[in-house]
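Notes for the one structure printed next.
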Amino acid sequence: MDQGATWNDFFFFIHDIRSIEKFDIKMLIISPPFTIGDVETLCNFVAESYNVKIHISKKSKKSAYLITCVIMQKNGAGLHTASSCYWDNTTDGSCTVRWENKTMYCIVSVFGLSIN
3 MDQGATWNDF FFFIHDIRSI EKFDIKMLII SPPFTIGDVE TLCNFVAESY
53 NVKIHISKKS KKSAYLITCV IMQKNGAGLH TASSCYWDNT TDGSCTVRWE
103 NKTMYCIVSV FGLSIN
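All letters in the sequence shown, in the order written, are residues 3 to 118 by the working numbering.
Below, the structure is given as structure tokens:
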């Protein structure tokens, strides 16, 4: 975020990210059922497409972001993840979106950080 950016500015940025993510993740519905050979390609596609779209739509040139994507077969196994950050809550934040179909889960997280 720019110097002087507020949490509200970041909230709208995150709202844009959620819209982008939900739209792109829905594109996976068209893909065939989960196959282990497709996971790397799908993860790369999701992360790279968000990278491009976030870069184009981000409201500030003084911010950095990190995108993670997990795709997992829907077979009853558990998945536990954790993250820990030390940041300024007034200008930095994160957003996670989960999408699923009959055969897979896709979890995308975006972390936005101000650069002052």
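Beta carbons: idealized from backbone N, C-alpha and C, even for Gly.
ILE73 versus PHE36: straight-line alpha-carbon distance, rounded: By one-based count along the sequence shown, residue 73 stands at place 71. By one-based count along the sequence shown, residue 36 stands at place 34. Each residue's Cα considered, the two are about 9 Å apart.
Over the uninterrupted beta strand (DSSP E) stretch that includes ALA79, give me the two end residues. Position 77 of the sequence shown, counted from the first residue, corresponds to residue 79. Unbroken run through ALA79: none, as it is neither H nor E.
So TYR107 and LYS76 are in contact, right, with Cβ under 8 Å, and what is the actual spacing, rounded? Walking along the sequence shown from the start, residue 107 turns up at place 105. Walking along the sequence shown from the start, residue 76 turns up at place 74. Going by Cβ atoms, the distance from TYR107 to LYS76 rounds to 6 Å, so yes, they are a contact pair.
Compute the distance between the beta-carbons of VAL112 and SER86, then report whether it is under 8 Å. As a position in the sequence shown, residue 112 is number 110, starting the count at 1. As a position in the sequence shown, residue 86 is number 84, starting the count at 1. No, these two residues do not count as a Cβ contact at 8 Å.
Rounded to whole angstroms, how far is the Cβ of GLY114 from the Cβ of ASP94, which I believe are closer than 8 Å? The residue labelled residue 114 in the question sits at position 112 within the sequence shown. The residue labelled residue 94 in the question sits at position 92 within the sequence shown. Confirmed, about 6 Å.
Could you give the DSSP three-state label for CYS87: helix, strand or coil? Within the sequence shown, residue 87 is the residue found at index 85, counting from 1. Of the three classes helix, strand and coil, the one that applies to CYS87 here is coil, per DSSP.
Report the partner residues of TYR52 according to the DSSP bridge assignment. Mapped onto the sequence shown, residue 52 falls at position 50. In DSSP, TYR52 forms no bridge with anything.
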